[in-house]
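When the letters of the sequence shown are read in order and numbered with our numbering, they come out as residues 44 to 484. Every residue gets a Cβ at the ideal spot worked out from N, C-alpha and C, and that includes glycine. This report concerns only the one structure given below.
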Amino acid sequence: MRCFLPENAGQYWAGQCNKPPCYDRGLPPSKNRVSLTEAAPLDLDWVRSRFPALRSDWVLMDNAGGSTPLGAAVDRIAEYLRRWPVQLGASYTPSAEAGELQAEARAGLAGLFASGGGPVPSPGQIAIGASTTSLLSRLARALAPTLVAGDEIIVTDADHEANIGPWLRLQSQGVVIRWWRIRPDSMQLELDDLDALLTARTRLLCFTHASNLLGSALDIKAIAARARTAGARCCVDGVAYAPHRALAFAEWGVDWYAFSLYKVFGPHCAVLCSSPEGAGMLANLNHEWMQPSDAAGRLEAGAYPYELAWGAAAVPAYLEALGAHHGGSAFAAIEAHECTLTTRLLDWLAPRPGIRIIGAPAAGPGRLPTVSFVTSRAAPQAVVAHTDSAQVGIRHGHFYAPRLVEALGLERATGVVRVSLAHYNTLAEVERLISALDGAL
Ligand SMILES: Cc1ncc(COP(=O)(O)O)c(C=O)c1O
Numbered sequence: 044m045r046c047f048l049p050e051n052a053g054q055y056w057a058g059q060c061n062k063p064p065c066y067d068r069g070l071p072p073s074k075n076r077v078s079l080t081e082a083a084p085l086d087l088d089w090v091r092s093r094f095p096a097l098r099s100d101w102v103l104m105d106n107a108g109g110s111t112p113l114g115a116a117v118d119r120i121a122e123y124l125r126r127w128p129v130q131l132g133a134s135y136t137p138s139a140e141a142g143e144l145q146a147e148a149r150a151g152l153a154g155l156f157a158s159g160g161g162p163v164p165s166p167g168q169i170a171i172g173a174s175t176t177s178l179l180s181r182l183a184r185a186l187a188p189t190l191v192a193g194d195e196i197i198v199t200d201a202d203h204e205a206n207i208g209p210w211l212r213l214q215s216q217g218v219v220i221r222w223w224r225i226r227p228d229s230m231q232l233e234l235d236d237l238d239a240l241l242t243a244r245t246r247l248l249c250f251t252h253a254s255n256l257l258g259s260a261l262d263i264k265a266i267a268a269r270a271r272t273a274g275a276r277c278c279v280d281g282v283a284y285a286p287h288r289a290l291a292f293a294e295w296g297v298d299w300y301a302f303s304l305y306k307v308f309g310p311h312c313a314v315l316c317s318s319p320e321g322a323g324m325l326a327n328l329n330h331e332w333m334q335p336s337d338a339a340g341r342l343e344a345g346a347y348p349y350e351l352a353w354g355a356a357a358v359p360a361y362l363e364a365l366g367a368h369h370g371g372s373a374f375a376a377i378e379a380h381e382c383t384l385t386t387r388l389l390d391w392l393a394p395r396p397g398i399r400i401i402g403a404p405a406a407g408p409g410r411l412p413t414v415s416f417v418t419s420r421a422a423p424q425a426v427v428a429h430t431d432s433a434q435v436g437i438r439h440g441h442f443y444a445p446r447l448v449e450a451l452g453l454e455r456a457t458g459v460v461r462v463s464l465a466h467y468n469t470l471a472e473v474e475r476l477i478s479a480l481d482g483a484l
């Protein structure tokens with residue numbers, strides 16, 4: 044396997060990230076968070092050998108749109124379809140075996156919600172579905188009977204539409220929507236603004252753990268604590284966060300947390316974890332003669348993509364192996380490497396004339412490697428046309444967060460240029476991106 048590191052990579056490895064943290068403002072010190080200087084450098088040969096699609100002439104940097112799947116996930120899907128092409132629940136051996144594999148997969152996926160600490164949720168707390176959008180829509184349907192006219196739901200204008208639209212639809216039954224709006228100057232959702240929105244009628248607070256455009260992580264624990272004090276529950280979109288940092292669902296104190304496996308190195312499916320109390324609130328979306336007591340049974344109407352769930356269980360296995368290979372936590376090594384890549388890109392971008400970085404201008408633990416920008420020198424689509432021709436896959440648009448784009452004073456139609464890195468990207472690839480951007484900016 045070829046090493047993709049350039050000659051001068053050592054300075055980044057050795058120096059780690061010495062930028063002052065920015066968006067991690069207020070993030071609680073996690074006992075699982077290893078400081079960047081403690082993390083072992085990522086063994087990129089080891090990492091990249093696990094992703095067959097990286098053996099390509101293309102540099103893939105649209106990972107927040109969809110990451111590259113693990114080879115193990117691909118193999119598991121194929122094997123499952125070959126060997127267990129059956130429905131669950133029958134007494135014949137292949138069906139019984141398939142049931143065992145699904146139980147194992149669900150338990151593995153549950154483990155992802157505790158990779159950063161806290162107890163592992165029970166498998167019944169994990170609902171599997173086609174996408175986060177579909178799971179959150181089902182969640183809204185399952186919560187609808189608990190809401191009466193005048194009840195309030197807070198949504199943000201910084202979210203992907205997946206965690207906005209399903210809640211807006213509840214207005215038809217008299218639910219009142221309140222908007223937690225981003226401050227255009229700081230590009231942050233401020234806790235003070237949230238405090239002003241929470242009332243005795245607030246039932247639910249829906250927010251994104253990290254914006255898929257700004258790349259900034261919110262202090263989920265502090266937000267959940269405020270909501271709880273007001274008697275509200277929290278539904279969190281973790282899609283943009285989960286590929287980059289460990290999850291600690293139980294410790295955060297939220298009731299629902301969803302993310303998509305196809306952005307976390309797996310296939311096209313998604314998972315939604317419910318707290319025990321949250322699960323108890325859900326109406327049953329399953330057949331009337333089925334009365335499941337757990338969240339999975341209530342939310343998963345009919346079959347779910349079994350082979351994809353089995354494939355997705357390659358992700359926790361990979362993260363465990365990655366951690367073991369690096370002598371610690373997988374996400375400590377991931378975070379340090381991502382910080383190195385993000386620092387290089389931001390340091391190159393920020394001083395260029397006409398550039399406006401849409402998000403924090405410096406890397407740090409709470410700053411994910413999703414870098415958006417606009418330039419006065421070229422339209423976003425022109426920039427991307429340039430990188431396309433250099434076989435560097437990035438993207439422009441509003442990324443299904445058009446309300447955020449407009450709130451920041453940008454054009455919904457053209458949006459921003461977004462570079463979204465993953466831990467398998469290399470510094471050499473960032474240099475190739477920079478060369479491609481150089482011609483456009
Ligand atoms: C932050 C965020 N939330 C939700 C979604 C929706 O995910 P899905 O395609 O699984 O519905 C996306 C997809 O891009 C996203 O980036």
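| Item | Value |
| --- | --- |
| Opening and closing residue of the beta strand (DSSP E) in which tryptophan 222 lies | 219–223 |
| Any non-hydrogen atom of ligand 1 closer than 7 Å to asparagine 255 Cβ | yes |
| Inter-residue spacing [alpha-carbon to alpha-carbon] between leucine 144 and proline 112 | 20 Å |
| Neighbourhood of valine 462 by C-beta, 7 Å cutoff - its chain only, sequence neighbours within 5 removed | Met104, Leu388, Val414, Ile437 and Leu476 |
| 8 Å Cβ cutoff met for leucine 190 and methionine 324 | no |
| Backbone CA spacing between leucine 342 and threonine 175 [nearest angstrom] | 13 Å |
| Residue environment, alanine 275, which counts as buried when at least 16 other CB atoms sit within 10 Å | buried |
| Touch test, the stretch 353–371 against the stretch 298–313, Cβ-Cβ under 8 Å, three pairs minimum | yes |
| Start-end ranges of the beta strand (DSSP E) lying completely within the stretch 98–176, minimum 3 residues | 169–172 |
| Near ligand 1: glycine 108 beta-carbon under 7 Å from a heavy atom | yes |
| Cβ separation of tryptophan 210 and isoleucine 196, assumed to be a contact under 8 Å, to the nearest whole Å | 5 Å |
| Leucine 241 and alanine 270 closer than 8 Å at C-beta | yes |
| Heavy atom of ligand 1 within 7 Å of histidine 203 beta-carbon | yes |
| Under the three-state DSSP convention, the category leucine 290 falls into | coil |
| For alanine 268 and alanine 243, the rounded distance between their alpha carbons | 15 Å |
| Near ligand 1: valine 90 beta-carbon under 7 Å from a heavy atom | no |
| Cα-Cα separation between serine 110 and leucine 124, rounded to whole angstroms | 22 Å |
| Close-in-space but distant-in-sequence residues of the same chain around valine 427 (CB under 7 Å, 5 per side omitted) | Ile437, Arg438, His439 and Val460 |
| At least three beta-carbon pairs within less than 8 Å, the stretch 214–228 to the stretch 374–383 | no |
| 8 Å contact criterion, which histidine 252 and valine 279 should meet: CB distance rounded | 5 Å |
| Run of the alpha helix (DSSP H) containing tyrosine 284, from where it starts to where it stops | Run containing tyrosine 284: none; DSSP gives neither H nor E here. |
| Counted within 10 angstroms of its Cβ, other Cβ atoms place glycine 69 as buried (16 or more) or exposed | Caution is warranted here: a pLDDT of 33 is assigned to glycine 69, below 50, making its placement in the model unreliable, and the coordinate value is therefore given only provisionally. Looking at its Cβ environment, which holds fewer than 16 other Cβ atoms inside 10 Å, glycine 69 is exposed. |
| Exposure label - threonine 272; buried when at least 16 CB within 10 Å | exposed |
| For alanine 344 and leucine 328, believed in contact at Cβ under 8 Å, the rounded distance | 5 Å |
| Inter-residue spacing [alpha-carbon to alpha-carbon] between glutamine 214 and tryptophan 295 | 28 Å |
| Assigned exposure category for tryptophan 101 - 16 Cβ within 10 Å defines buried | exposed |
| Cβ neighbours of arginine 420 in the same chain (closer than 7 Å, five flanking residues each side left out) | Gly397 and Leu484 |
| Other residues of its chain near leucine 464: CB distance less than 8 Å, five sequence neighbours each side excluded | Met104, Asn106, Glu381, Leu384, Thr385, Leu388, Pro412, Thr413, Val414 and Val473 |
| Cutoff 7 Å; reference histidine 466; Cβ partners in own chain excluding five residues on either side | Leu85, Val90, Ile377, His380 and Glu381 |
| Tyrosine 300 (DSSP reduced to helix, strand or coil) | strand |
| Local Cβ density within 10 Å of alanine 330, reported as buried at 16 or more and exposed below that | A small fix is needed here, since residue 330 is histidine in this sequence, not alanine. By the 10 Å Cβ count, histidine 330 comes out exposed. |
| Serine 478 - DSSP class collapsed to helix/strand/coil | helix |
| Counted within 10 angstroms of its Cβ, other Cβ atoms place threonine 80 as buried (16 or more) or exposed | Reliability of the predicted coordinates at threonine 80 is poor, the pLDDT of 43 falling under 50, and no value is obtained from them. |
| Alanine 141 and leucine 155 closer than 8 Å at C-beta | no |
| Leucine 480 versus Gly409, Ala425, Ser336 and Pro445, residue with shortest Cα-Cα distance | Ala425 |
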